[in-house]
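Novice: Numbering (the numbering used here), first residue to last: 2 to 182.
Here a beta-carbon is modelled for each residue, glycine too, at the ideal position from N, C-alpha and C.
Okay, here's the structure, questions in a sec.
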Amino acid sequence: MEREEAVALLKKHVKNKNLQKHCIAVEAVMRRLAHQLGEDEELWGLAGLLHDLDYDETAKDMARHGYKTVEMLQDSALPQEVLHAILAHPGHVERESLMDKALYCADPVTGLIVAAALIHPAKKLEPLDVKFLMNRFKEKHFARGANRDQIQACQELGLSLEEFLGLALEAMKGISRELGL
Numbered sequence: 002m003e004r005e006e007a008v009a010l011l012k013k014h015v016k017n018k019n020l021q022k023h024c025i026a027v028e029a030v031m032r033r034l035a036h037q038l039g040e041d042e043e044l045w046g047l048a049g050l051l052h053d054l055d056y057d058e059t060a061k062d063m064a065r066h067g068y069k070t071v072e073m074l075q076d077s078a079l080p081q082e083v084l085h086a087i088l089a090h091p092g093h094v095e096r097e098s099l100m101d102k103a104l105y106c107a108d109p110v111t112g113l114i115v116a117a118a119l120i121h122p123a124k125k126l127e128p129l130d131v132k133f134l135m136n137r138f139k140e141k142h143f144a145r146g147a148n149r150d151q152i153q154a155c156q157e158l159g160l161s162l163e164e165f166l167g168l169a170l171e172a173m174k175g176i177s178r179e180l181g182l
């Protein structure tokens, strides 16, 4: 599957513009992690882009989240490893591959970074740095939806929290215009 086809699927199935931006942010983080770890950037990017494809249908029934996406993508030419990563990100199957582990921690980190940008006086990604993110990460009441345990699972990739936050921030800064940040 080419990126253009994946974007078209995303826009068809995910109507909320902020959720579309979230998926694009996760795609960017996944691509950056793939680059760092010597993996397939295109494939990892597709996993990030499509991971919440079913969200509009499953938001009120999270037990189905991921399963519906895999069902929607079953006839695509996507490799099984992408579908497995999509099932692993909400915890339905064990995280086995590097892609599984990366998607699991990339998903919530984008929310933390967006929230940090929105509380910064500039309301932009550009002035943020890892120190600022680390301080926000330690604030338990800040961006509560950004699961800290999931983010810290970056250690399963052999990355420290600081390294992971730096890579994720770099990735998102690279698409800041598209994110409106």
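One question on the structure: do A35 and K102 come within less than 8 angstroms of each other, judged by their Cβ atoms?
Specialist: Their beta carbons are not under 8 angstroms apart, which means A35 does not touch K102 by this criterion.
Novice: How big is the Cα-Cα spacing for R4 and D150?
Specialist: Taking the straight line joining both Cα atoms gives about 30 angstroms.
Novice: Can you confirm whether the region 83-97 touches the region 119-129 when touching is taken to mean that 3 or more C-beta pairs between the two stretches lie within less than 8 angstroms?
Specialist: Flag = no, the region 119-129 and the region 83-97 do not touch.
Novice: So for P109, helix, strand or coil by DSSP?
Specialist: DSSP places P109 in helix when its eight states are reduced to three.
Novice: Let's see if you can read the secondary structure: which residues bound the alpha helix (DSSP H) around E42?
Specialist: From DSSP, the alpha helix (DSSP H) with E42 extends over E42 to L51.
Novice: For Q37, which of helix, strand or coil comes out of DSSP?
Specialist: In the structure shown, Q37 sits in a helix (DSSP, three-state: H, G or I).
Novice: For A172, which residues from the same chain have a beta carbon less than 6 angstroms from its beta carbon, with the 5 sequence-adjacent residues on both sides left out?
Specialist: Contacts found: A29, V30 and R33.
Novice: Measuring CA to CA, which of L182, L11, F165 and E42 is closest to L134?
Specialist: Checking every option, the nearest Cα to that of L134 belongs to F165.
Novice: Can you name the start and end residues of the alpha helix (DSSP H) that L182 belongs to?
Specialist: Unbroken run through L182: none, as it is neither H nor E.
Novice: Go ahead and label P128 buried or exposed: buried means 16 or more other beta carbons lie within 10 angstroms of its beta carbon, across all protein chains shown.
Specialist: Exposed: under 16 other Cβ atoms inside 10 Å.
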